[in-house]
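Peer 1: Line by line, the protein sequences are chains A and B. If you count by this note's numbering, then the first sequence holds residues 2 to 616, one letter each, in order. If you count by this note's numbering, then the second sequence holds residues 38 to 483, one letter each, in order. One structure coming up, written as structure tokens, with questions to follow.
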Amino acid sequence: MKTKYDVIVVGGGHAGCEAAAASARCGAATLLVTHKISTIGEMSCNPAIGGLGKGHLVREVDALDGLMARVIDKAGIQFRMLNLSKGPAVRGPRAQADRDLYRTYMLEALRQTANLELKEAAGEGLLFNDEKVSGVVLADGSTLEAGAVVLTTGTFLNGVMFVGHETSIGGRIGDISCAGITPYLKSKGLKLGRLKTGTPARLDGNTINWNVLEKQSGDANPQPFSFLTEQVTNPQIDCGITYTNEKTHEIIRANFERCALFSGLITGKGPRYCPSIEDKLVRFADRTTHQIFLEPEGYHTNVVYPNGISTSLPADVQDAFIHTMKGLENVEILRYAYAIEYDYVDPQELNHCLGVKKIPALYLAGQINGTTGYEEAGAQGLVAGVNAALYAGGGNKEFFVDRSQGYIGVMIDDLITKGVDEPYRMFTSRSEYRLVLRADNADARLTELGHQIGCVGENRYNVFKSKINKIKEFDNYASETFASYADVDALGIAVKHNGKKTLKDIMGYPNVSRETMIKLDSKINEVEPAIYEQVEIDAKYAGYLKREYEDIALFKRDENMKIREDIDYSKIGGLSTEMVQRFERVRPKTIGEALRITGVTPAAVTALLGYIKNA
Amino acid sequence: MDNKTIYALSTVFGKSGVAIFRVSGNAAFEVFAKMTTLPAEKIVARQMYFTPLLDSVSRETLDHCMAVGFRAPHSFTGEDTVEIHCHGSKAVIKSVIKALSELPNYRLAEAGEFSRRAFYNGKMDLTEADGLADLIDAETAIQQKTALQQMGGTLLQRYDSWRNALVEILSYVEAYIDFPDEDIPQDVVENIENGVFKTAETIREHLQGNHINERLRDGFRVVIAGPANAGKSSLINAIVKRNVAIVSDIAGTTRDVIDAYVDIKGYPVVFSDTAGLRDAADEIEKIGISLAKEKIAESDFKIFIFDAATDGPEIFADYIKSGEDYVLVANKIDKLSADVKQQLISKNCLLISAKHNENVDALVDRIYNHFNDLYLKANGGLITRQRYREALLECLENLDRFNLQKDIALAAEDIRLACRAIGKITGRVEVDEILDKIFGSFCIGK
């Protein structure tokens, strides 16, 4: 095995996999170092990919030729398009995975990636050449050299697990933690903090009384994540639904002081949107019941993931409250829930490429940056991997996605300008251009960009080009062909008879479906549904989209007002010390970025603007 | 903006008792060293000094003045600032400007630059800056009061409270989108709809009640209308107490709409004298009449005046729509019998003689009461800038488009855009563009 690589990725989780694969796709000789090759692509918590915002991220990773979408298409056992009834901009694909299949296909995808090697070892330190990172130190003391390093250590940095008041050191049940990296980062002056997350107990599906439970089924027509997958072929399975009740809550309340969270053992902040069950009881004190989804972890396993009852209560309390729920009266608990607390780096230490500003050649992705979720991790991994490869390649090129191009851009921009005070998760509401940034058009937004930078292969690019041409062709046809009012009226579509109406105009009316349009013009029958959909959304959102594109133009204007890198904020007249510190911390590259920094006032940005315009 | 120290005359140029110069910037305190006989190093901030005022080069005495310094950031601009209070003769003012201009790194302030610097230095936000522009322009007591209120941020608080309400509503809608497996209770859906409706109504009321505040800035418009020779010009002259229109006995003398600006007990009022309303053959006069009709439609208050000796109030039947925004004035009452006068009074006419200045005060009171009532009714909020009005209209337009039956992404977009429209007022977006507009309307040295 070589001892010198262009890029070394430390960590084999969702960030690490995408980082390594993206770096290799860009042509960099890449090594992925992980504790255990057998846990590459492990879903440590929920056995599912996607959701609102998260599903958008997966589609964007796919548009940039990443792996997640293709892997979940093969490993998924229940596919649902969330918010299907609520309009295209807020639809998000979600799929439950067979945990074993997901790992298997992820490993297979990595092994099939050219320029990529895998190594089972523990990365315990960094090599430096002056201020620059130049490699990785392994637990056995050996060293590996690299042009750039990506750290994707997840919850493993000084990970401490809690079950009630019992604590143990580790990054995940059954895995050791990593204590070596933190001191290196601290010694370079990086600001670190602690965050916490948790995972619920796992149940034995053979002991659940499924017959008394409500079922949640997948979609009848499962839609794949990847733009390259034509069809989902896996059989779909059902989930069960149960509820907490008064008795459940009584038991939990009686034991509040025994959980790590309330007794103060855990100091790191947890995510507000994925609260532990004890958190829920405190925050929604008037609710007498909470919905719990029982999700099988695969085709050939009895393990069931109860979505909604993560906790840091001790084992005997978990035992007691779980058995109060319908269908779970006699359930066997295979593994108890635990909470985990870990080190993260304040993402304000990073730039848009996820490079550490104070340490050249070092990139960070995933939970180490204060995020939560496989999708958030994977998306960051991709950006970090591409940039590590570009850096190691010695050019001046950088790769980043801006807020108007994708949720990836929204996420990274939020992280580096605002920092985090709880694990960061993607929501569609985080984007100001939600109607443009849809899950269905991630390829149109990003594939060209990825191809230019080198992380999108020819196969995908050709598929993309062909799709875009078909959309253009149909759009032209629908925009240039006029509908006859007689036909329109005959179909019962309520349209005002003012001026000539094109097919696209008619498509824009609410409740006009593809089926109706086929009746109006049989040629539409030859248009693939996915192609039809793109033109339809364009028509139905027309006025709103126009406004959003105008907003994007304004946004780009602010982004184009560059701030010199060597700017001395203390020289700007009238900035308070606090504002100087906030600017210094982030050192924004553009006026737009400066405007988004937490706590920075418009007046301060105006002063900055005045300074750079007149300096 | 550069780093130079700026100066300007802050009072009106011309003969006045006192003229005040303001100097702001890093080198402001140089004034003490170069232009006074005071020991510059011992100057205490915020203390007035009486001193001879010297030319900065020749050291000859220009005047005797009071001078005071403020140290950054405790000044209007947030920079070191010095004020010189000297005598307001044109000769003194010119010599002081020359002396200041010769100090190193000094230059004359541009229009609005003191305020601009204050804004840059975090001394005021956009709504406060706007209020200041009005204060500087304020010519009447009531204008001053509104401007001061606005400076204090009452307007900002009000707009923020609406924005907060909308942001809260939006958060519910967003939750509905982002947590598809969570059930949103029916009462929450109703709260969303009610909340949007309520906020929209509040803004609508604010907008309707509030063109009054633009009037407070620009003046209420009162139009004086009536047949040729009814005495319109005499009336306006009686009100203004000076000649602004040509008065003669030949019908049709006034062909143009003429404006006169009057302060009525604190309210700024613009009186428009109009061409006589009658069928005219003369082309120029025709234009004058159509202008007059336009003015009547646009005005805030109408004075319908007629010659009581020849006409009656009936002649205005076509112009009187409804409401209380007019008064019927019977002019030339000195020629009438007591009986006729009594009849006119019973027809709600106000009896005056413009020529003999009889009862004109009663008319002025009537106008004052009308505007005072409007003001008292609308005093809850203040829209003194067209920019706010436009932003609020945009907000309202989006809220009116909102319903929960449509695509939820579009419904959420409606509220998002509404929030953003309000955000524009307080300077959250397109900062540069808005700033240019605001600061462009400032006068030099203020």
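Just so it is clear, CB atoms sit at the ideal spot from N, CA and C, and this is done for glycine as well.
Interface residues of chain A around Ile445/B at Cβ under 7 Å?
Peer 2: As a first step, residue 445/B must be located in the second sequence, where it is residue number 408. Residues of chain A passing the Cβ test: Lys87, Gly88 and Val91.
Peer 1: Grab me the residues of Asn256/A's own chain with a C-beta within less than 7 Å of its C-beta, minus the 5 sequence neighbours each way, in chain order.
Peer 2: Residue 256/A sits at position 255 when you count from the first residue of the first sequence. The answer, listed in chain order, is Leu314 and Val318.
Peer 1: Once DSSP output is grouped into helix, strand and coil, what is the label at Lys216/A?
Peer 2: Residue mapping note: residue 216/A aligns to position 215 of the first sequence, counting from 1. Three-state DSSP puts Lys216/A in a strand.
Peer 1: Within 8 Å, do at least three Cβ pairs link the segment 423 to 441 of chain A to the segment 545 to 561 of chain A?
Peer 2: Cβ pair count under 8 Å is three or more, so yes.
Peer 1: In this structure, how does DSSP classify Cys46/A when only helix, strand and coil are distinguished?
Peer 2: Here residue 46/A refers to the residue found at position 45 of the first sequence. Note: Cys46/A maps to coil in three-state DSSP.
Peer 1: Could you give the DSSP three-state label for Val10/A: helix, strand or coil?
Peer 2: The residue given as residue 10/A occupies position 9 in the first sequence. Strand at Val10/A.
Peer 1: Residues of chain B with a CB under 9 Å from the CB of Gly54/A: which are they?
Peer 2: Position 53 of the first sequence holds residue 54/A. Ordered by position in chain B, the residues that pass the 9 Å Cβ test against Gly54/A are Asp215.
Peer 1: Give every residue of the same chain whose Cβ lies closer than 6 Å to the Cβ of Tyr337/A, excluding the five residues on either side of it in the sequence, and list them in chain order.
Peer 2: Counting from one through the first sequence, the residue named residue 337/A turns up at place 336. Once the five neighbours on either side are set aside, the close Cβ partners of Tyr337/A are Val164, Ala202, Ala316 and Gln319.
Peer 1: How far does the beta strand (DSSP E) with Gly136/A in it reach, from first residue to last?
Peer 2: As a position in the first sequence, residue 136/A is number 135, starting the count at 1. Its beta strand (DSSP E) spans residues Lys133 to Leu139.
Peer 1: Grab me the residues of Asp469/B's own chain with a C-beta within less than 6 Å of its C-beta, minus the 5 sequence neighbours each way, in chain order.
Peer 2: Numbered from its first residue, the second sequence carries residue 469/B at position 432. Legend: pLDDT at Asp469/B = 40, less than 50; position of this residue unreliable, value from coordinates given subsequently. So no residue of the chain qualifies.
Peer 1: Can you tell me where the alpha helix (DSSP H) with Cys18/A in it begins and where it stops?
Peer 2: As a first step, residue 18/A must be located in the first sequence, where it is residue number 17. His15 to Arg26 is the extent of the alpha helix (DSSP H) around Cys18/A.
Peer 1: Asn442/A CB to nearest chain B CB: under 8 Å?
Peer 2: Position 441 of the first sequence, counted from the first residue, corresponds to residue 442/A. No, no contact with chain B.
Peer 1: Kindly indicate which residue of Gly51/A, Val304/A, Leu355/A and Lys5/A has the alpha-carbon position closest to the one of Arg71/A.
Peer 2: Taking the first sequence and counting its residues from 1, one reaches residue 71/A at position 70. When only C-alpha atoms are compared, the closest one is Gly51/A.
Peer 1: For chain A, find out if any of its Cβ atoms is closer than 8 Å to the Cβ of Arg292/B; answer yes or no.
Peer 2: What you label residue 292/B is simply residue 255 of the second sequence in a count that begins at 1. For Arg292/B, the pLDDT reaches just 44, beneath the cut-off of 50, and the residue's location in the model is therefore unreliable, although a value from the coordinates is still provided. With 8 Å as the cut-off, Arg292/B does not count as an interface residue toward chain A.
Peer 1: Any contact between the segment 25 to 39 of chain A and the segment 413 to 426 of chain A? By contact I mean 3 or more CB pairs, one from each, below 8 Å.
Peer 2: They do not touch, by the three-pair rule.
Peer 1: In the structure shown, what three-state DSSP assignment does Gly482/B receive?
Peer 2: Taking the second sequence and counting its residues from 1, one reaches residue 482/B at position 445. Low local confidence applies: a pLDDT of 31 at Gly482/B is under 50, so the model's placement there is unreliable, and no value is given.
Peer 1: Just curious, the alpha helix (DSSP H) that Arg71/A is in, first and last residue?
Peer 2: Position 70 of the first sequence, counted from the first residue, corresponds to residue 71/A. Looking at the DSSP string, the run of the alpha helix (DSSP H) that includes Arg71/A is Met69 to Ala76.
Peer 1: Hey, out of Ala115/A, Leu117/A and Gln79/A, whose CA is closest to Arg100/A's CA?
Peer 2: In the first sequence, residue 100/A corresponds to position 99, counting from 1. Arg100/A has its Cα closest to that of Gln79/A, out of Ala115/A, Leu117/A and Gln79/A.
Peer 1: The alpha helix (DSSP H) spanning Ala136/B covers which residue range?
Peer 2: Position 99 of the second sequence, counted from the first residue, corresponds to residue 136/B. Counting along the chain, the alpha helix (DSSP H) containing Ala136/B begins and ends at Lys127 to Ser138.
Peer 1: For chain A, find out if any of its Cβ atoms is closer than 8 Å to the Cβ of Glu150/B; answer yes or no.
Peer 2: Position 113 of the second sequence holds residue 150/B. Not one chain A Cβ lies under 8 Å of Glu150/B.
Peer 1: When burial is assigned at 16 or more other CB atoms within 10 Å of the CB, is Trp211/A buried or exposed?
Peer 2: In the first sequence, counting from the first residue as 1, residue 211/A sits at position 210. The residue in question, Trp211/A, is exposed, as its Cβ has fewer than 16 Cβ neighbours within 10 Å.
Peer 1: Closer than 7 Å between beta carbons: that is the criterion. Which residues of the segment 426 to 450 of chain A meet it against chain B?
Peer 2: If the cut-off is 7 Å between Cβ atoms, the segment 426 to 450 of chain A has Phe428, Thr429, Ser430, Arg435 and Leu436 near chain B.
Peer 1: Would you kindly work out how many angstroms separate the C-alpha atoms of Lys302/B and Leu610/A, rounded to a whole number?
Peer 2: Residue 302/B sits at position 265 when you count from the first residue of the second sequence. Residue 610/A sits at position 609 when you count from the first residue of the first sequence. When rounded, the distance between both Cα atoms is 44 Å.
Peer 1: Kindly indicate the opening and closing residues of the alpha helix (DSSP H) around His700/A.
Peer 2: Not covered by the structure: residue 700/A. The range shown for chain A is 2 to 616.
Peer 1: Determine the contact status of Leu365/A and Leu117/A, defining contact as a CB-CB distance below 8 Å.
Peer 2: For the purposes of this step, residue 365/A is taken as residue 364 along the first sequence, with counting starting at 1. For the purposes of this step, residue 117/A is taken as residue 116 along the first sequence, with counting starting at 1. It is not a contact, given that the beta carbons lie outside the stated cut-off.
Peer 1: Name the one or two DSSP bridge partners that His101/B has.
Peer 2: As a first step, residue 101/B must be located in the second sequence, where it is residue number 64. Looking at the DSSP assignment, His101/B forms a beta bridge with Pro89/B.
Peer 1: Would you list the residues sitting across from Ala56/B in a DSSP beta bridge?
Peer 2: In the second sequence, the residue the question calls residue 56/B occupies position 19. BP columns for Ala56/B point to Cys123/B.
Peer 1: Cutting at 6 Å between CB atoms, please list the residues of its own chain near Ala64/A, excluding the five before and the five after it.
Peer 2: As a working mapping, residue 64/A is identified with position 63 in the first sequence. If we look at Ala64/A and ignore the five residues flanking it on each side, its Cβ neighbours are Ala443, Asp444, Leu447 and Thr448.
Peer 1: List, in order along the chain, the chain A residues whose C-beta lies closer than 9 Å to that of Glu211/B?
Peer 2: Residue 211/B sits at position 174 when you count from the first residue of the second sequence. What Glu211/B touches in chain A: Phe428, Thr429 and Ser430.
Peer 1: Verify the CB distance criterion: does Glu434/B have a CB-CB separation below 8 Å to chain A?
Peer 2: Along the second sequence, read from residue 1 onward, the residue named residue 434/B stands at position 397. With 8 Å as the cut-off, Glu434/B does not count as an interface residue toward chain A.
Peer 1: Below 8 Å, how does it come out for the segment 251 to 269 of chain B and the segment 375 to 383 of chain B: are there three or more Cβ pairs, yes or no?
Peer 2: Short answer: they don't touch.
Peer 1: By the 10 Å Cβ neighbour count, where 16 or more other Cβ atoms means buried, how is Phe285/A classified, buried or exposed?
Peer 2: Indexing the first sequence from 1 puts residue 285/A at position 284. Classification for Phe285/A: exposed.
Peer 1: Between which two residues does the alpha helix (DSSP H) containing Ala267/B stretch?
Peer 2: As a first step, residue 267/B is located in the second sequence; it is residue number 230 there, counting from the start. Unbroken run through Ala267/B: none, as it is neither H nor E.
Peer 1: Name the chain B residues that come within less than 7 Å of Tyr545/A, Cβ to Cβ?
Peer 2: In the first sequence, residue 545/A corresponds to position 544, counting from 1. Chain B residues near Tyr545/A: Leu447 and Glu450.
Peer 1: For the segment 557 to 588 of chain A, enumerate the residues whose C-beta is nearer than 8 Å to any C-beta of chain B, in chain order.
Peer 2: Going along the segment 557 to 588 of chain A in chain order, one finds Gly574, Gly575, Leu576, Ser577 and Met580 with a Cβ nearer than 8 Å to chain B.
Peer 1: For Leu454/B, which residues from the same chain have a beta carbon less than 7 Å from its beta carbon, with the 5 sequence-adjacent residues on both sides left out?
Peer 2: Within the second sequence, the letter at position 417 stands for residue 454/B. If we look at Leu454/B and ignore the five residues flanking it on each side, its Cβ neighbours are Asn435.
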